[in-house]
C-alpha cells in the first residue's frame with residue numbers, strides 16, 4: 017500500500033425530507049447565491065423546497081449553468097458574487113452545477129489577475145468561499161469531493177481543478193429526487209460512477225486488498241441496482257443504493273494508497289469538448305479500447321475484476337481479462353449507451369488528430385498509472401474506439 | 017436504507033515515516049500535553065520520533081494511562097491541563113490512550129461541576145480541546161471516530177461518551193509500529209475490529225447493500241490478513257491491511273443508514289469491569305452466545321455472512337447461520353483467543369448476577385437492534401457463555 021493522506025470534511029445528509037437542513041447549515045447572516053441549471057428543479061419541486069428552507073436568508077439566484085459548466089457563463093455569476101457581496105454559495109443541481117459552484121468558490125477569493133489560470137495552470141485552491149450542495153442528480157461524486165471540471169467552448173478546452181478548499185461544507189442527498197430524472201441521465205450517472213471506480217481500480221495488483229474490495233463492492237452494487245432503477249426510477253431502495261454508490265465512487269476513499277489511471281477521463285473530456293457528447297458516454301466509448309490497448313499492463317487486475325465482479329471463474333488470465341472488458345461494454349449497452357464513437361457522430365475521424373494536437377500542444381507527457389501512454393498511443397486508442 | 021448524517025473531519029496520514037507530520041499539524045503556538053501509556057513507546061522508539069518532531073513546541077508529558085483508561089488517572093492529567101494552560105493534546109498510543117485523551121478533550125472545556133457526569137449522564141461533547149493522535153496499536157478505530165470508553169475501577173463502571181467535538185484533528189497511522197506489538201495484542205486488535213464490524217452488520221436484512229458489502233470486505237480482509245500478521249508482524253503489507261481495516265471498521269461509514277446492535281460491547285464492558293479481562297476477549301466470549309440466543313432475529317443476516325464471508329454455499333438458512341457462528345468462534349480460537357468465560361476466570365458464575373444488578377440499577381431497558389434484550393435475557397446470554 018502506498019503512503020496516503022485522507023481528509024474529507026463534507027457533512028452528508030442522506031435521506032428523504034432533508035432539504036430543509038440547508039437552513040441549519042448556512043450561517044444565519046450569510047448572503048447566499050443559489051446556483052442551478054436549466055430549470056428542472058423548478059419542474060420537480062426542489063426549487064420550492066430550497067426556497068422555502070431559505071426563507072429567512074437573503075438569497076440571490078443564478079440559474080442556467082449548462083452541462084459541462086461553461087467558463088463564460090460562470091464569469092457572469094462571479095460578477096454577481098463580487099457586486100452583491102455574496103458570502104455563501106448553494107449549488108442545487110448535479111455535477112455540472114456543483115463543479116461550476118466550486119470554480120466560483122475558488123474564483124471569488126482568487127487574488128490573481130486571470131481566473132482562467134486556476135484551470136489552465138492547475139492552481140490548487142487552499143481556501144474557497146464556503147458552499148453547500150443540494151444534489152439533484154447522482155453521478156459525479158462532486159457532492160463529496162474537492163474536484164471540478166470546467167469547460168470553455170470558445171477554445172474547446174475542458175480542464176480539472178481542485179484543492180482542499182473545495183469540499184462542500186455540507187451536501188444534502190435526497191434519493192427521492194431520482195424519481196424525476198430522465199432515463200438517459202440515470203444511465204449516464206451509472207456509467208459515470210462505474211468508470212470512476214474503474215479509473216481508481218484498474219491498474220495493476222498493488223496488495224491494497226481493502227481498497228480493491230471496497231471498489232469491487234461499489235461496482236457490484238451499481239451492476240445490481242442498474243436494472244432496478246432503469247426499470248422503475250421511483251423505487252426508493254434502488255434510489256438509495258444508486259445515489260450512495262455514486263457518492264462513494266469518488267469521495268477519495270478508494271483512491272487512497274493505490275495508483276490511479278484517469279486516462280479514460282483525460283481522453284473522454286476531449287470528445288466532449290470536440291463533439292459535445294455527454295461526459296459519461298465518452299467514458300463508455302474509450303473504456304474498452306483503452307483496456308485492450310494497454311492489455312498487458314492491466315490484464316491481471318482485469319482478471320481479478322472478472323472473477324470478483326463478473327463471477328467469471330473459468331479461463332486463464334488473458335481470457336478472463338478479455339471477458340471482463342466485453343462484460344463491461346455489455347453492461348453499458350444494457351443501459352442504452354453505445355461504446356463506439358461512430359455511433360455518436362459522423363465526424364468521428366476528427367477525434368484522433370484533434371486530441372493528438374491538444375495533448376502535444378499542452379506538453380502532455382504520459383497518461384495512465386505508469387504515465388507512459390503517449391499522444392501517439394492515444395491516437396491508437398481513439399482510433400480503436402471509432 | 018435509513019436516513020443518516022455523516023461527517024468525519026479527521027485527517028489521516030497513513031504510511032511509513034510520517035510521524036514527523038505532527039509538527040505541521042499542531043498550531044505553532046500550542047502548548048502541548050503529550051499523553052501515552054505504560055512506556056512501550058519508549059522501547060520501540062516512537063517516543064523519540066515524536067519528541068524529535070515536537071522539538072520546537074512547548075511540551076508537557078503525561079504517561080501511564082492504563083488499558084481501560086481509568087478516570088482517577090485521567091483526573092491527574094486534567095489538573096495538568098488546567099494548571100499549566102495546555103492548549104493542545106497529543107495522544108501517542110492505542111485505543112486506551114486515545115480514549116483517555118478524548119475524555120480530557122471534553123473535560124478540559126466542560127463547564128459543569130462534575131466531569132463524571134460526562135460519562136454517567138452521557139453528555140454529548142459538541143466542542144472539545146483540539147487533539148491529534150499518533151497510533152501505536154490498531155484495534156479500536158478511536159483514531160478516526162468521535163467515541164471513547166472510560167473505566168472507573170472504584171465503582172467497577174465502564175461508560176461510553178462521544179460527540180462531534182471528539183474527532184481527532186489528525187491521526188498518524190504508521191503501520192510499521194506493528195513490528196513491536198506482542199502477538200497477544202495483535203490478536204486482540206483483530207478480534208476487536210472484527211467485532212466492531214459485526215455489531216454494525218449482524219442485525220437483519222435492511223437492503224443497505226453497499227454498507228453490507230463494505231462491512232463484508234473489512235471482515236474478509238481481517239480473516240485473510242490475520243494468519244499473515246500473526247506469523248510475521250514485520251510484514252509491511254500485512255501491517256497496512258491490518259491497520260487500515262481496523263480504522264475502517266469503526267470510522268462511522270458502515271453504520272450509516274443501517275440499524276446497529278452493540279449488545280456484545282455492552283455486556284463485554286461489564287466483564288472487563290468485573291474481571292479485568294481484555295476488552296477484545298470479552299467480545300469473543302459474548303459473540304457466540306448472543307447470536308445463538310437471538311438466533312431467530314439474526315439468522316438471515318448470519319446466513320448472508322456465512323455465504324459471502326465464510327463461503328458456505330450449502331445448507332438452509334438455519335444451517336448456514338449456525339455454521340457462521342461456529343466459523344467465527346474458530347477464527348477467534350485460531351488467534352489464541354478463548355470464547356468461554358470459564359477459560360478466563362474461576363469466578364465466572366459471578367458474572368450474570370453482577371451484570372443483571374448493574375443493568376437493572378441503571379434502568380437499562382433493552383439492548384440490541386430491536387432494543388428488546390432485557391436484563392433477564394442478558395443473564396441467559398452470559399450463562400450460555402460460561
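Residue numbers (the numbering used here), protein chains in the order written: chain A, 17 to 402; chain B, 17 to 402. For glycine and all other residues, C-beta sits at the position ideal for the given N, C-alpha and C. Quick caveat, the model's predicted, so the values are computed rather than measured.
Looking at A:132, A:147, A:137, A:139, the one whose alpha-carbon comes closest to that of residue 118 (chain A) is A:147. In this structure, the straight-line span from the alpha carbon of residue 242 (chain A) to that of residue 45 (chain A) is close to 42 Å.
Against chain A, the CB of residue 260 (chain B) has a partner CB under 8 Å away; the residue lies at that interface. Remark: C-beta atoms of residue 143 (chain B) and residue 184 (chain B) do not approach each other more closely than 8 Å. Rounded to the nearest whole angstrom, the C-alpha separation of residue 49 (chain A) and residue 42 (chain A) is 11 Å. Secondary structure at residue 50 (chain A): strand, using DSSP grouped into helix, strand and coil. Distance from the CA atom of residue 382 (chain A) to the CA atom of residue 282 (chain A), rounded to whole angstroms, is 11 Å. The three-state secondary structure of residue 26 (chain B), taken from DSSP, is strand. The alpha-carbon separation between residue 192 (chain A) and residue 310 (chain B) amounts to approximately 34 Å. For residue 226 (chain B), the neighbours in chain A by C-beta distance under 8 Å run, in chain order, 233, 234, 237, 257, 260, 261, 264. Residue 64 (chain A) has a beta carbon lying at 8 Å or more from every beta carbon in chain B. Between residue 237 (chain A) and residue 24 (chain A), the gap from beta carbon to beta carbon reaches 8 Å or more.
Nearest CB-CB separation between residue 72 (chain A) and chain B: not below the 8 Å threshold. Put simply, the stretch 222 to 235 of chain A does not touch the stretch 293 to 304 of chain A. Fewer than three CB pairs are less than 8 Å apart. Within 10 angstroms of the beta-carbon of residue 219 (chain A) lie 16 or more other beta-carbons, which makes it buried.
Look at the stretch 35 to 53 of chain B: it has no residue with a C-beta under 7 Å from a C-beta of chain A. Listed in chain order, the positions of the stretch 362 to 393 of chain B with a beta carbon within less than 8 Å of a beta carbon of chain A would be empty, since no residue qualifies. DSSP places residue 38 (chain A) in the helix class (H, G or I) of the three-state scheme. Of the residues assessed, residue 124 (chain B) falls on the buried side of the cut-off, its CB having 16 or more other CB atoms within 10 angstroms. Sequence-ordered contacts of the stretch 203 to 227 of chain B with chain A read 223, 224, 225, 226, 227 [C-beta pairs closer than 9 Å]. Among the CB atoms of chain B, none fall inside 8 Å of the CB of residue 402 (chain A). Spanning the alpha carbons of residue 188 (chain B) and residue 26 (chain A) requires a straight line of approximately 21 Å.
Within the stretch 18 to 29 of chain B, the residues whose Cβ lies closer than 8 Å to any Cβ of chain A are, in chain order, 18, 19, 20, 21, 22, 23, 24, 25, 26, 27, 28, 29. In terms of Cβ geometry, residue 258 (chain A) and residue 154 (chain A) form a close pair [threshold 8 Å].
Pairing residue 204 (chain A) with residue 328 (chain B), the inter-Cα distance amounts to about 37 Å.
Under the three-state reduction of DSSP output, residue 183 (chain A) falls in the coil class, being neither helix nor strand. Rounded to the nearest whole angstrom, the C-alpha separation of residue 67 (chain A) and residue 87 (chain A) is 26 Å.
Of all residues in the stretch 124 to 144 of chain A, none is placed with a Cβ closer than 9 Å to any Cβ belonging to chain B. Close CB contacts of residue 314 (chain A) within its chain, under the 8 Å cut and outside five residues either way in sequence, are with 218, 219, 220, 307, 337 (chain order). The beta carbons of residue 128 (chain B) and residue 158 (chain B) sit about 24 Å from each other, so the pair does not count as a contact at 8 Å. Between the alpha carbons of residue 401 (chain B) and residue 375 (chain B) lies a gap of roughly 18 Å. For residue 32 (chain A), the neighbours in chain B by C-beta distance under 9 Å run, in chain order, 19.
Around residue 253 (chain B), the beta-carbon contacts reaching into chain A at under 8 Å are 17, 223. Using a Cβ-Cβ cut-off of 8 Å, residue 328 (chain A) does not count as an interface residue toward chain B, since no Cβ of chain B sits closer than that to its own.
Residue state for residue 259 (chain A) is assigned as helix, using DSSP reduced to three classes. At a cut-off of 8 Å between beta-carbon atoms, residue 163 (chain A) makes no contact with chain B.
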